[in-house]
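Protein chains in written order, with the working numbering: chain R, 1 to 312; chain L, 1 to 432.
Below you can see the structure in the form of structure tokens.
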């Protein structure tokens, strides 16, 4: 299926076919990454600007490296110290960056809807690298790409997402992506972080770990995001760990060959025991590597590339 | 002697239950019986055939931003918007800069009103100094200087002990207390209704309980003090139920609902359009329906716009950072007609009652009727004419309306204030 979008803002907007187009393109770029000279000229001469209004290491670096692998010129800006800190509006900031000949903008921002907002303003591709608790589309794409590599297809698979769902853009994007690809999703965690409202998105919601983990093919852990919680959603990290932390005993409740995922950064010893994070069934680092190929695909397609050409 | 003879209109006065085809006379600024032929011979005549002739509308809740924020609205532009929307009397909130916590600011507003206003403007004073919720404002002095109520306009006094004293003290002067019901511990830093849509979008929610708990508190305070508390822009179904129960027990409270809360729900925010950001936020369908039912059975007394102008550049930001509030003066009549009259839920007269004598009676304004001797505040409107609000197409300085580009039905053709034509369907003709 051809890719007809200027932007990548949310998984909610994408069809399963569009997601698969990204995957097929990422397959091709993953092969490129395996070459001795792991670089293609697809975005040569293009200016890619990374606008990060929030802290990020892996996503910012992954986008930067993905753009460089496509031969783009990359400028990464830490917007916490920029003109917006002096009171400039987001509209003015991005219009100025556009006027400086930016060809693609990647944005991370604490406000839900911000990426979609600037995509409507600008005539160049905008890629959402996380807008508050709304969506983080490339994370969900790389997560599902990783599962697809392991299973061939997500159809009929059962995945549990465990942890801080309420404040998680990763959870929201994965809920959309996994269901569009045919997987069944169960959300698990304390009632204050996993409200029943999510059931209207078609997922199951559970506050009990054992029945929620039983028969699952994969468990995705989410970081407890202290920085987004201005009111205490649970009594303490120790209480959370004792009720919902993944340890060896609880891991045994899943299917034998179940996969452990985590979008990072990990709070070792809180949401997951350290040994489990590093065990053979953990794909945490594979997720990171796949993030490069998926982001190359997203940049390439939004710039007007076709899956067929990338594969060729 | 001046006279206006409005001929052949459908005259509707909800208060006196008049609904008939006929003529209406305004003599020396007052509604009059048919005057003598001499007077009729010199009267200004207005042909109202095919139009409804009704009392000028009354709005208990507008923000005119003066003094301090003229870039959003002025008394001139705000009252022009009122006149264009059919409102001949408005009550303006005291959350100005400086806020109306002193008699000097009341006088300043009255002076500006004298110079600029084309409709009647009734100022309010604050409950607490600087609307900080810490020390009582001088209610007695404010009352003497001409305010019609006290309110912290847009803010809610969180300290129940202080609120009790405010209510008790104001009661002594016969001044109602108007409250924006919101518990800040529960509302937190939410930006929209807490519910499925906020969960889906990842926007922080404002829990309905934040409103319910203060509505209940105010009812308790009114019960003990016998003082009149008017509850602004009720938005939640449970708050409606609490008010209904209190009213059945004769508690001295009144309440209003806004056009946006009876017409729209939080599903509008799926597009992150900041013109749907208001406080209290748009709620869910069950809440919207509860408000409509509450207006019909009298649990909620009237409709008030909460007209809250902001500039386009203030609203043209990320949803989190946009200010709360939408304008409403120029669309309120159409939206009310749509929900109650065109939907065939209520008669035209009953629908108009929410915008005429009912709000007037809450604050004893002596407006909103066509009874003989009443002030000659009259509107003529076509209930069936369709129109579409456009960006920068308002008489208000601002365009932050949730009904932009949506077709509405019902258009004001003329607005008369104290026997003087101030709006002719396309332009403001005069100031007071």
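Cβ coordinates follow ideal geometry from the N, Cα and C atoms, glycine included. These figures come from a predicted structure and were not determined experimentally.
Item, Value
"When DSSP builds the beta bridges, which residues end up paired with residue 107 of chain R?", "R:51 and R:128"
"With a Cβ-Cβ cutoff of 9 Å, do residue 320 of chain L and residue 404 of chain L count as a contact?", "no"
"Which word fits residue 156 of chain L, buried or exposed, when buried means at least 16 other C-beta atoms lie within 10 angstroms of its C-beta?", "buried"
"Just checking my contact of residue 302 of chain R with residue 11 of chain R at CB under 8 Å: how many whole Å lie between their CB atoms?", "That belief does not hold up - the Cβ atoms of residue 302 of chain R and residue 11 of chain R are roughly 14 Å apart, past 8 Å."
"Any beta-carbon of chain L closer than 9 Å to the one on residue 112 of chain R?", "yes"
"Suppose only complete runs of 3+ residues qualify. What are the beta strand (DSSP E) ranges in the region 16 to 92 of chain R, listed by chain order?", "47 to 52 and 73 to 78"
"Using a threshold of 9 Å, state whether the C-beta atoms of residue 95 of chain R and residue 122 of chain R are closer than that.", "yes"
"Are residue 214 of chain R and residue 254 of chain R closer than 9 Å when you measure CB to CB?", "yes"
"Assign residue 302 of chain R to one of three DSSP states: helix, strand, or coil.", "helix"
"Since residue 98 of chain L and residue 68 of chain L are thought to touch, with beta carbons under 8 Å apart, how far apart are those beta carbons, to the nearest angstrom?", "7 Å"
"In whole angstroms, what separates the C-alpha of residue 8 of chain L from that of residue 18 of chain L?", "14 Å"
"Can you tell me whether residue 139 of chain R is buried or exposed? The criterion is at least 16 other CB atoms within 10 Å of its CB, across all chains shown.", "buried"
"Out of R:142, R:78, R:35 and R:207, which has the shortest C-alpha to C-alpha gap to residue 244 of chain R?", "R:207"
"Closest to residue 426 of chain L by CA distance: which of L:62, L:237 and L:395 is it?", "L:395"
"For the region 292 to 309 of chain L against the region 368 to 383 of chain L, do three or more pairs of beta-carbon atoms, one drawn from each stretch, fall closer than 8 Å, so that the two count as touching?", "no"
"Short of 6 Å in beta carbon distance, which residues of its chain neighbour residue 335 of chain L, apart from the five on each side in sequence? Order them along the chain.", "259 and 263"
"In chain order, what residues of the region 195 to 227 of chain R put their CB closer than 8 Å to some CB of chain L?", "195, 197, 198, 200 and 201"
"Three-state secondary structure (DSSP) at residue 89 of chain L?", "strand"
"For a test of the three-state rule: what should DSSP assign to residue 300 of chain L, helix, strand or coil?", "coil"
"Hey, residue 22 of chain R and residue 180 of chain R: beta-carbon distance below 9 Å or not?", "no"
"Under 7 Å Cβ-Cβ, which residues of chain R neighbour residue 317 of chain L?", "89 and 90"
"For residue 61 of chain L, which of helix, strand or coil comes out of DSSP?", "strand"
"When Cβ atoms are compared, which residues of the region 167 to 184 of chain R fall closer than 7 Å to chain L?", "169 and 172"
"Contact criterion: CB-CB distance below 9 Å. Does residue 196 of chain L meet it with respect to chain R?", "yes"
"If you reduce the DSSP assignment to three classes, tell me which class residue 162 of chain R lands in.", "strand"
"Using a Cβ-Cβ distance under 9 Å, would residue 45 of chain R count as near chain L?", "no"
"By DSSP, does residue 184 of chain R sit in helix, in strand, or in coil?", "strand"
"So who's on the other strand from residue 255 of chain L, going by DSSP bridges?", "L:231"
"Mapping the DSSP letters down to three states, classify residue 292 of chain R as helix, strand or coil.", "helix"
"Mapping the DSSP letters down to three states, classify residue 271 of chain L as helix, strand or coil.", "helix"
"Taking Cβ-Cβ distances below 8 Å as the criterion, which residues of the region 110 to 140 of chain R are in contact with chain L?", "110, 111, 112, 113, 114, 116, 117, 131, 132, 133, 134 and 135"
"Since residue 32 of chain L sits in a beta bridge, which residues does DSSP pair it with?", "L:25"
"Can you tell me the Cβ-Cβ gap for residue 287 of chain L and residue 256 of chain L, rounded? I've got them flagged as a contact below 8 Å.", "Their Cβ separation, rounded to whole angstroms, is 15 Å, which puts residue 287 of chain L and residue 256 of chain L out of contact at 8 Å."
"What residue from L:177, L:49 and L:92 has the CA that sits closest to residue 5 of chain L's CA?", "L:49"
"In the structure shown, what three-state DSSP assignment does residue 5 of chain R receive?", "coil"
"Please name the residue in L:407, L:363 and L:414 whose C-alpha comes closest to that of residue 91 of chain L.", "L:363"
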